[in-house]
Amino acid sequence: MELSLTLTEYKLLLLFLNNKERVLSRNTILEHVWGINFNLATNVVDVYIYYLRKK
668 MELSLTLTEY
678 KLLLLFLNNK
688 ERVLSRNTIL
698 EHVWGINFNL
708 ATNVVDVYIY
718 YLRKK
């Protein structure tokens, strides 16, 4: 089965796969996927996790 991911979805999935045994904070996810200059009040992490789960 082939799955089409956006670059951001791919980065997020890769981060999760490389940290299988760890719980990642929202801040850590934002820093690694979107960069450090991101508004922490945003729900972008939730949205992209939803996209991955849906796929």
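Residue numbering for the sequence shown is 668 to 722, as defined by this note's numbering.
Ideal Cβ positions, reconstructed from N, Cα and C, are used throughout, including at glycine.
> Taking the alpha carbon of residue 701 as the point to measure from, which residue in 670, 675, 668 and 691 has its own alpha carbon closest?
Replying inline: Residue mapping note: residue 701 aligns to position 34 of the sequence shown, counting from 1. Nearest option by C-alpha distance: 675.
>> Going by C-alpha to C-alpha distance, which of 689, 712 and 685 sits closest to residue 698?
In response: Taking the sequence shown and counting its residues from 1, one reaches residue 698 at position 31. Answer by Cα proximity: 712.
> Roughly how many angstroms separate the alpha carbons of residue 710 and residue 687, rounded to a whole number?
Replying inline: In the sequence shown, the residue the question calls residue 710 occupies position 43. In the sequence shown, the residue the question calls residue 687 occupies position 20. Those two C-alpha atoms are separated by around 22 angstroms.
>> Could you compute how far the alpha carbon of residue 717 sits from the alpha carbon of residue 689?
In response: Along the sequence shown, one-based indexing puts residue 717 at 50. Along the sequence shown, one-based indexing puts residue 689 at 22. Spanning the two alpha carbons is a distance of roughly 19 angstroms.
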